[in-house]
Structure formats: structure tokens, C-alpha cells
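> Going down the list, the protein sequences come from chains A and B.
Counting from 129, one number per residue, gives the positions in the first sequence under this note's numbering.
Counting from 45, one number per residue, gives the positions in the second sequence under this note's numbering.
Here a beta-carbon is modelled for each residue, glycine too, at the ideal position from N, C-alpha and C.
Below you will find the structure I want to go over with you.
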Amino acid sequence: MASTGPISESEIDLVVNGRTCQLAVRHHWTLLDVLREELDLTGAKKGCDRGECGACTVLLDGAPVYSCQLLVMQVAGRQVRTIEGLSSNGVLDPVQQSFLDHDGGQCGYCTPGFVLAAKGLLETNPNPTDDEIRRALSGNLCRCNAYARIIESVRVLALEPIQPEA
Amino acid sequence: MAMTTVGTSAVRRGLREKLTGEADYSADLKLPGMLHGCILRSPHPHAEIQSIDYSQATALPGVHAIVTPFDVPPGRLAPDMAVLDTRVRFVGDEVLAIAADDPDVARRALDLVRVEYQPLPFVLDPEQALKLGCVAIHPQGNLANGQALSLERGDVEKGLADAELVIEGESWIPTHSAAPLEPRAALAAWEGDFLTIWKSSRGVHVDRSALAAALGVPEANIRVVGPYLGGGFGNKDESRLGALTALLAHRAKRPVRVEYSREDEFVAGRVRHAARIKTRVGLTRSGSITAIDTAAVLDTGAYLASGPGVARRAGQGGLYLYECANVRYTATLAYTNRPVAGSYRALGAPQGHFALETLMDRAAEALGMDPLEFRLKNRVKPEGQPGRRESPADQIIDSQPLEGGIPFSSNGLEECLRRGSDAFGWGSPDSGPPPDPAKKRGRGMSMMIYRGGPGSDSSAEVRADRSGRITLITGLMDVGEGATTVLAQMAAEVLGVDCQDIDVVNGDTETTPHAPITAGSAATFSTGTAVVQAASDLRRQILQLGVIGLEAPAERLEIREGFVSVKDDPSRRISLAQVTRRMEPEYLSAKSTITPGSVDYIVNSFGAHFVEVEVDTDTGRVRVVDYVAAHDSGRIINPRAALGQVEGGVFQMLGLALTEELVTDGPTGVTLNGSYLEHKSPTIQDVPEIRVIFTDVADPIGPLGAKALGEVPCAGVAAAIANAVFDAVGIRFQALPLTPDRVLAALASPTDASRGPNAAGG
């Protein structure tokens with residue numbers, strides 16, 4: 129049942145895609161809600177809002193996390209990277225490009241989450257095996273079941289390790 | 045004819061936008077002043093709403109509108125579904141909706157609503173629901189659609205009497221949810237009497253008609269836009285979402301967005317019909333089939349939705365997959381106080397094929413025949429079923445006919461069986477015993493037939509503007525499967541341009557001609573037929589314009605790689621833009637509306653699947669270790685997208701076969717597992733390596749040779765897996781899914797536990 133008490137708010141600094149924004153947030157808001165509703169970064173999707181599907185995956189200090197499972201208060205001052213911050217000046221990140229080249233998505237709702245989960249994997253393990261790819265992406269659901277194309281999209285990158293960004 | 049664009053894997057349209065986060069889905073949209081709507085759902089499986097006190101809710105600051113059953117327009121969303129009803133029919137049925145400044149306030153307001161219910165007796169089992177004296181869920185009773193479906197070709201009783209052997213079976217398929225990753229959402233805004241609504245949709249034109257009827261607003265005053273759709277699989281929409289969102293926005297005089305939660309989507313979305321199917325097959329000792337008799341009882345839940353179509357599709361396998369003069373199919377759709385069953389990818393075909401293809405495996409076993417040999421012998425041949433055509437000669441043949449005597453436009457079933465079994469290595473030993481003796485391996489197969497392709501009347505318009513740019517306009521929704529990619533390739537093929545040079549306008553009632561829902565695997569064939577026709581007409585117009593510039597008659601001209609050129613002198617060519625610059629109107633246009641199909645042939649798609657499983661007899665876990673899927677879907681327009689359809693369809697049905705069941709609690713009617721953790725869908729760790737084979741033979745009727753694909757691979761997956769499990773452990777499972785619990789119980793007591801929940805004998 130929703131609380132009937134007063135709603136508490138605070139001002140926080142949120143660092144998203146390298147830019148710091150000052151925001152007044154309600155304490156119970158999740159990072160996902162703030163990204164979508166306050167910052168209009170809707171690439172992170174609300175597939176379940178309960179940590180089951182991975183459609184809301186973003187990178188927090190470089191590691192993939194479910195943004196629906198973090199209160200925004202927990203991430204104040206930390207580096208949040210969303211799908212909108214992955215490509216620059218219209219040039220796709222190699223992970224995005226590989227998903228495009230290998231048809232690593234159908235309806236696309238899970239796609240930003242998978243791309244960021246794969247990005248997080250490749251940053252720490254530039255040459256993963258198929259098993260490592262499957263394990264790293266097993267927290268993301270794709271109901272079109274484009275899994276074979278997703279594995280292919282990541283596997284190809286593993287052959288040629290991508291350069292970590294400067 | 046050599047193809048240049050067809051047969052190439054053009055990049056999926058919109059994928060780039062999906063990869064960057066630019067692609068907007070319904071829940072991503074906002075408008076200035078937008079409110080957030082929330083829906084109150086029934087906690088009772090069956091009750092009459094006596095009264096609603098919402099005074100505290102509407103007094104809450106920030107609440108702007110409410111919609112209740114006592115103040116909705118009298119129109120209906122479907123014959124059995126009001127916009128809101130004082131009778132609630134399942135736990136999760138819509139009771140009322142509230143719009144407020146933000147979701148927090150809206151949810152608080154819902155908590156302040158007091159609803160007085162008069163609980164009624166309820167029924168969760170379809171067979172109980174059909175018994176005399178059972179509480180009626182709808183005024184006309186629980187037999188949905190008013191009557192059972194009953195179809196017979198030949199004389200089944202005679203066929204069974206003539207049989208030397210009769211094998212009987214009973215199968216139970218559970219309710220499961222497609223659970224598309226996008227929970228449905230809608231955003232509605234009114235300007236005066238005009239409504240614009242952006243919503244999760246599988247067909248904007250059909251949604252508009254439904255909204256117009258429900259709200260009592262002329263269709264001309266409603267614009268429905270389908271943004272990117274986060275997975276359809278048949279179940280978006282048929283729900284009350286659009287109507288409630290529109291009413292909230294009308295009352296609040298502000299835009300309103302409503303989003304389903306994940307649990308809403310599981311419970312109040314649309315699910316696959318649970319089915320109990322009884323089958324009988326009559327056989328001669330030499331292995332011929334004398335009769336096939338199928339009787340299905342399907343649970344349509346609280347409302348009918350697409351139940352009749354599902355019921356028909358559940359019968360197609362029994363009526364048409366095997367050559368047989370005497371076949372019968374009866375289907376009864378029952379209302380229950382359970383979540384609403386609607387269309388879910390392949391409709392009733394997975395249910396029907398599970399019953400049929402496990403039965404035929406038993407038939408082969410009883411005859412001492414190899415399952416592949418039995419199917420090769422008895423499969424329906426290209427000439428179709430025995431019998432005499434009854435349809436008038438000038439009538440387009442239903443692609444799911446009952447009558448015999450009509451050939452298929454193409455039938456690659458034999459090739460699917462032969463090439464699939466070769467690739468799989470059917471008949472050779474399986475990949476060897478696993479080192480752990482508790483793990484047993486086995487192999488199984490199934491074949492499948494699917495009505496698809498010819499759907500409803502379909503339209504397309506193709507335009508060329510003065511800059512030479514081509515635009516394809518269709519009312520169809522791309523539900524994520526890639527319809528717009530494939531249709532653009534077809535237009536590009538006809539017009540001789542690169543498909544990247546074609547813009548597609550679709551999924552908006554204001555800018556596109558009427559279109560059916562994207563369903564029944566009909567888009568490529570039906571809308572594709574209209575696209576090819578319109579593009580051919582436009583091509584003719586362009587060539588006519590080229591006559592002046594090239595000083596050659598139109599018959600000697602062609603369009604290649606974006607240039608109009610002289611066929612026998614390709615050096616004489618001018619760009620499309622140079623040609624279209626000359627035209628008088630703003631743009632050239634060609635429109636086509638077609639009734640898809642053929643007066644001479646049945647158009648069907650076929651497939652054969654081969655699977656190896658490993659059953660862990662200690663844990664009961666079934667693991668798929670190898671899978672081959674061979675398909676005849678005519679000529680493949682986009683091989684990579686087609687591959688994704690088959691892989692995706694097979695993997696999605698691993699859920700039905702092994703893990704997914706939406707469970708309703710008997711004493712309360714509550715859905716117990718409306719979440720991804722508990723209604724377990726396959727993850728990337730659960731899917732096997734899979735090899736996909738396409739016969740890739742052009743169909744003479746299909747546009748550029750194409751037939752239906754999207755749903756076809758779903759039909760036979762559960763059957764093939766169950767047959768492989770039998771090969772591994774010697775148990776014929778009659779009920780799905782083959783969860784570790786069910787497998788372990790069956791290993792302990794093979795006669796009881798392999799059956800469905802109501803047939804287990806207590």
C-alpha cells in the first residue's frame with residue numbers, strides 16, 4: 129500500500145554520461161525513474177521494475193547494474209552511463225555496431241540493456257568465451273529470444289578485443 | 045528471375061535507433077501537462093460491484109479524473125467486454141482508473157477507493173465451467189462463442205472401424221504468457237472532439253475501430269499511432285487500456301499516460317489458451333492412417349478475445365498434416381474466471397501439434413516404424429488431401445480448409461523432413477552416452493503445418509517524389525519481427541532501387557491506408573502482395589516518364605540500381621531523380637488493395653524439427669543439447685531476419701515445453717506467478733545451439749515467392765522435445781511443461797504424474 133505520509137525530497141548531484149545535474153528527487157525514486165521521467169533518458173526501459181529482466185541496465189562506475197533496483201539517493205556523485213551516452217557524434221560504439229551488423233535485436237526493448245551488459249563484460253574481459261558471454265548476459269531477458277544473434281554480436285567482438293577508451 | 049535485394053540480409057529497420065535509445069516506445073512518450081493513470085483491479089475471481097466510494101480518492105490533491113463502471117459510455121470493446129463492467133470476472137479484471145499529477149499520487153488515490161463487492165461463485169476449470177448448473181460468467185453461459193466448433197471430412201467412425209489398430213491419447217497444455225518485455229502502455233490527448241492516442245498496438249486501424257465503438261466517437265475523430273512495439277507475439281492488444289486512457293484524458297482535459305506493471309502484463313495481458321485435447325488415430329498394420337479424431341477443450345478465461353481463431357488453429361494439424369480421408373475436429377471454448385486467453389504466437393497450433401505429434405510418435409512405435417519413416421509415408425503430399433473440392437471455382441481458397449481435393453501452391457514438407465533429418469543425423473547414434481549415468485539422452489522429432497500468408501484484405505501505397513526518393517506507405521505495424529524491413533526489400537526489388545533508399549511510413553491511422561492487425565504470419569504474404577502490386581504500377585509510371593529522356597519505348601526500359609536505363613544498351617541511362625524531376629505532380633503514386641490468396645491452391649507453410657535432449661534423472665532437469673529446424677516458407681526475403689524468426693520461435697517455445705506455466709490458485713483465483721522469476725522464460729544460458737534450414741523455394745502464389753514464417757516454428761517444438769524425452773527415459777508425457785518436478789514425479793510413478801493436473805487421478 130502506498131504511504132499516506134508526506135513525501136520526502138532531497139537535492140542531489142547526479143553524474144550521467146559525464147554531465148553533472150542537480151536534481152530534486154523523492155527519496156523512494158529509483159535511478160530508473162529519474163533517468164526516464166526527470167532526465168528524459170528513456171533508453172533504459174522499465175520491463176519489470178523488480179530486478180528480473182535487465183531492460184533497465186545502465187553502467188555504474190563502469191559495471192552493469194539494474195537501475196530499477198537502485199534508489200537514486202544511492203548513486204549520487206557516482207558515474208552513471210546510459211545507452212544515450214554510448215555513441216558519440218552519431219558514431220556507434222563498437223558494441224552497438226556489432227549488434228547492428230549481426231541483427232542482435234528484434235523488437236529492441238531489451239537491446240539497450242544487452243548492449244550495456246555486453247559493454248560491461250568486454251571492458252573487464254575483452255576476450256570472453258561463449259560461456260562467459262552467456263553468463264554475463266544471463267541477467268537480461270529477450271522475449272523475442274534473439275539470443276543466438278546476441279551471442280554472435282558479442283562473440284565477434286571477442287575475437288578482436290576492443291580498445292579501452294582513453 | 046534473378047533477385048538483387050530479395051535474398052539479402054538488409055539491416056533491420058529501426059535497429060540503429062533501438063541501439064542508441066532513440067527509438068521511442070509508448071511508455072517513453074510525454075506531453076506537456078501529462079497526467080499518470082493507474083488502474084484498480086479486482087481482488088475477486090467473480091463478483092458484482094455493488095458500490096464504489098471514491099470521495100476520499102478524488103479529494104486528494106493532484107487527482108484529476110476517475111473512470112468507473114457507473115459512468116462509462118455504453119459502447120463495447122468486444123461483444124463480451126464493456127469499457128468497464130459492474131461484474132468482474134477474474135482476479136485482475138479492471139475495476140476503475142484514476143489519473144493524477146504523478147504515479148505516486150495516483151497509487152495513493154487507488155488505495156483510498158472503497159469498493160463494495162458481492163462475491164459470486166467462480167469456476168477455474170473449463171470442463172467444470174461447461175457443466176449444467178455451473179455459475180454463468182457471461183449472460184449467455186460459459187460456452188464461449190455460443191457453440192462448439194465441429195468439422196469433419198469423410199467418415200471418422202467408419203475410418204476407426206476400418207482400422208486394425210487405434211491409438212488414443214490425451215494431452216494437456218497449460219496457460220502461459222508471451223510476456224513481451226514491454227508492458228503495454230498508452231498516451232492519450234484530446235483536442236476538442238479529436239483524440240490522438242499513442243499505444244502499444246499490433247494494428248492501429250483495428251484499434252481505432254475498437255476505440256470508436258467503445259467510446260461512441262466517430263472513427264474520423266480518432267488517430268491511433270503505434271510507436272515502436274516492445275514485443276507483440278499476438279497479445280497487444282484486445283485489452284481495455286486504450287479506452288480507459290482516452291476516457292481519463294477526456295475527463296481531465298489533459299494528456300494521460302497509463303502503463304501496465306509487469307504483474308499487470310502477466311495477469312491482465314493476454315495468455316495462451318490452456319487446452320485438454322483428446323486424440324485418436326486409426327491405423328492399418330502396414331502403417332497407413334484410416335482416421336484422425338481430435339477433440340479439444342480450450343480455456344478462454346474471462347473474455348473471448350481471439351478464442352475462435354485459436355480454436356481453429358488448434359485443429360489444423362489433425363485435419364491437414366497427415367494424408368487421411370477421415371478426419372474430425374471438435375473444439376469447445378469455455379469461459380472461466382481466469383486471466384484472459386487471447387492470441388499468442390501460433391495461436392492454437394502449439395497445443396494442437398503437441399497432441400497430434402506425440403500421438404503419431406506413439407502410432408509409429410506401436411507399428412514398429414521409425415518416427416521419420418512413418419511421417420514420410422503419411423505426410424500430406426503436394427496434391428493435398430483426398431476428396432473433391434467443394435468451394436466454387438472462383439472462390440479464394442481458405443488457407444485452412446477442411447475439404448480435400450485442393451493442391452498446395454507449394455509443399456516442401458518432404459524436403460524439410462529429408463534435409464532436416466540429414467543435417468541432424470537422424471538414424472545415426474546420438475552424440476554418445478553422457479559420462480554421468482544419471483543423465484539419459486534421447487532424440488525426437490515433429491513436423492508442422494501452418495496456415496499463414498493469406499490473411500485479410502491488405503493495402504499499400506508506393507510513391508516516388510521529385511527527388512527520386514521512394515516512400516512505402518502501409519497501415520501495418522512492425523511488431524518487432526521486421527515486417528517493414530522485408531516489405532521495403534520487396535518494393536526495392538520491384539523498383540530496382542536499394543532498399544535503404546526507401547522510406548517506410550506505417551502504423552499511424554492518419555497517414556496510412558487501412559490495414560489488418562499484424563497477426564497470423566500474414567504480413568509478408570498479404571501486405572507483401574499489395575506492396576509488389578503497387579510497386580509494379582509505380583515502376584510502370586516511372587518507365588513511362590523515362591521514355592522522353594531516353595528516347596526509347598517503355599518496354600525497352602528498366603530500373604536498375606536507381607537508374608532508368610535501356611535494357612539492351614545499359615550505357616543509356618538517367619538517374620531516377622532526373623526522371624522524376626520532370627513530372628507534373630508533387631509525386632507519383634500507386635496504390636493497391638488486394639484480397640490475398642489463390643482460387644486454385646491452399647497456401648501453407650511447413651516445417652520439421654529434430655531435437656536431442658539430456659534428462660538428468662537425479663534432478664529431473666531436461667536440457668536441449670541439439671536442435672535442427674527445417675522450414676518451407678517459400679522464398680526467403682531476408683535470410684538473417686528469417687533466421688532470427690526461427691531461432692526466436694523455437695527458443696520461445698522452450699518455455700512452453702520446459703518451464704512456463706501461469707498458475708491460478710484454486711481456492712482464491714489469484715495468479716500465483718505473475719513475474720519473470722516464477723513464470724520462467726528461457727534465458728541466454730538455456731538456449732541450445734540450433735541449425736536452421738530453409739528450403740528457400742519460391743511459391744508460385746506468394747509475392748516474390750514468399751510464404752508465411754513468423755509463427756510456424758512455434759508449432760512443433762514442445763512435441764519434438766516430449767518425443768525426445770520419451771526416447772531418453774521411456775515416459776510419454778501428456779502434460780506440459782516438462783519441469784523438473786513433473787519429470788521426477790513421473791520417473792517415480794510413470795502412469796500418474798506424466799498427466800495433467802486434473803487427470804492425475806488424485
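Residue 274 (chain B) and residue 235 (chain A): beta carbons closer than 8 Å?
Yes.
> Going by C-alpha to C-alpha distance, which of B:210, B:454, B:85, B:460 sits closest to residue 158 (chain B)?
With distances taken between Cα atoms, residue 158 (chain B) lies closest to B:85.
> Which residues in chain B sit within 7 Å of residue 238 (chain A), going by Cβ to Cβ distance?
Per Cβ cutoff of 7 Å: 225.
> Please return the same chain residues whose Cβ sits closer than 8 Å to the Cβ of residue 737 (chain B), not counting the five positions on each side in sequence.
Contacts found: 460, 463, 464, 467, 672, 673, 674, 675.
> Have a look at residue 546 (chain B) and residue 238 (chain A) and give me their C-alpha separation to the nearest angstrom.
Taking the straight line joining both Cα atoms gives about 27 Å.
> Please compile the residues from chain B whose C-beta is within a distance smaller than 9 Å of the C-beta of residue 212 (chain A).
Those within 9 Å of residue 212 (chain A) in chain B are 64, 65, 66.
> Cα-Cα, which of B:532, B:645, B:587, B:794 is closest to residue 682 (chain B)?
Checking every option, the nearest Cα to that of residue 682 (chain B) belongs to B:532.
> To the nearest angstrom, how far is the alpha carbon of residue 592 (chain B) from that of residue 517 (chain B)?
Roughly 28 Å between the two C-alpha positions.
> Run through chain B and tell me which residues come within less than 9 Å of residue 142 (chain A), C-beta to C-beta.
Those do not exist, as residue 142 (chain A) stays about 17 Å from chain B at its closest Cβ, beyond 9 Å.
> Does any residue of chain A bring its CB to less than 8 Å from the CB of residue 806 (chain B)?
Bear in mind that the predicted position of residue 806 (chain B) carries a pLDDT of just 28, short of 50, making it unreliable; the figure below should be weighed with that in mind. No, residue 806 (chain B) lies away from the interface with chain A (no Cβ there is under 8 Å from its Cβ).
> Just to confirm, are residue 745 (chain B) and residue 453 (chain B) a CB contact at a threshold of 8 Å?
Contact flag set, yes.
> Could you pull out every residue in the same chain whose Cβ sits closer than 6 Å to the Cβ of residue 506 (chain B), ignoring the five residues on either side in sequence?
Only 516, 535, 578, 579, 582, 634 meet the Cβ criterion.
> Counting contacts by CB-CB distance shorter than 8 Å, is residue 175 (chain A) in contact with chain B?
Yes, contact with chain B.
> On the three-state DSSP scale, how would you describe residue 192 (chain B)?
Correct three-state label for residue 192 (chain B): coil.
> For residue 685 (chain B) and residue 273 (chain A), I'd like the C-alpha separation in whole angstroms.
Approximately 13 Å, taken between the alpha carbons.
> Where in the segment 427–501 of chain B do unbroken runs of the alpha helix (DSSP H), each at least 4 residues long, occur, reported from the N-terminal end onward?
Fully enclosed alpha helix (DSSP H) runs of 4 or longer: 457–468.
> So that I know if they touch, is there some Cβ in chain C lying closer than 8 Å to that of residue 667 (chain B)?
As a matter of chain content, chain C is missing from the structure shown, whose protein chains are A and B.
> Residues of the segment 138–165 of chain B with a CB closer than 7 Å to any CB of chain A: list them in chain order, please.
Going along the segment 138–165 of chain B in chain order, one finds 148, 151, 152, 155 with a Cβ nearer than 7 Å to chain A.
> DSSP three-state call for residue 585 (chain B): helix, strand or coil?
Three-state result, residue 585 (chain B): helix.
> CA-CA distance, residue 22 (chain B) and residue 704 (chain B)?
As displayed, chain B neither begins before 45 nor continues past 806, which places residue 22 (chain B) out of reach and without an answer.
> Helix, strand or coil, according to DSSP, for residue 503 (chain B) in the structure here?
Strand, per DSSP.
> May I ask you to report which of helix, strand or coil DSSP gives residue 667 (chain B)?
Note: residue 667 (chain B) maps to strand in three-state DSSP.
> Alpha carbons only, please: which of B:655, B:322, B:501, B:413 is nearest the one belonging to residue 328 (chain B)?
When each option's Cα is compared against that of residue 328 (chain B), the closest is B:413.
> Could you name the residues of chain A that residue 525 (chain B) contacts, counting a contact when the two beta carbons are closer than 9 Å?
Per Cβ cutoff of 9 Å: 234, 235, 272.
> I'd like to know if residue 171 (chain A) contacts chain B, where contact means its C-beta is closer than 8 Å to some C-beta of that chain.
Taking Cβ atoms only, chain B reaches closer than 8 Å to residue 171 (chain A), which makes this a yes.
> Would you say residue 243 (chain A) lies against chain B (beta-carbon separation less than 8 Å)?
Cβ-Cβ to chain B under 8 Å: yes for residue 243 (chain A).
> In chain B, what lies closer than 9 Å to residue 224 (chain A) by C-beta?
Going along chain B in sequence order, the residues near residue 224 (chain A) (Cβ under 9 Å) are 60, 63, 64.
> Mind checking whether residue 252 (chain B) and residue 429 (chain B) have CB atoms under 8 Å apart?
For residue 252 (chain B) and residue 429 (chain B), no; Cβs fall outside 8 Å.
> Find out if the Cβ-Cβ distance for the pair residue 216 (chain B), residue 382 (chain B) is shorter than 8 Å.
Contact flag unset, no.
> Exposed or buried, what is residue 326 (chain B) when buried is set at 16 or more other beta-carbons lying within 10 Å of its beta-carbon?
So residue 326 (chain B) ends up on the buried side.
> Please list the partners that residue 71 (chain B) has in chain A, where partner means a Cβ-to-Cβ separation under 7 Å.
174, listed in chain order.
> Taking the beta strand (DSSP E) that residue 266 (chain B) falls in, what are its first and last residues?
Residue 266 (chain B) -> beta strand (DSSP E) spans 266–269.
> Give the straight-line distance between the Cα atoms of residue 145 (chain A) and residue 213 (chain A), rounded to the nearest whole angstrom.
In a straight line, the C-alpha of residue 145 (chain A) is about 5 Å away from that of residue 213 (chain A).
> So within the segment 400–429 of chain B, which uninterrupted beta strand (DSSP E) runs reach at least 3 residues, ignoring any that extend past its ends?
Qualifying beta strand (DSSP E) stretches: none in this window.
> Any idea what DSSP makes of residue 683 (chain B), helix, strand or coil?
Of the three classes helix, strand and coil, the one that applies to residue 683 (chain B) here is helix, per DSSP.
> Alpha carbon to alpha carbon, how far is residue 150 (chain B) from residue 335 (chain B)?
Cα-Cα distance, rounded: 59 Å.
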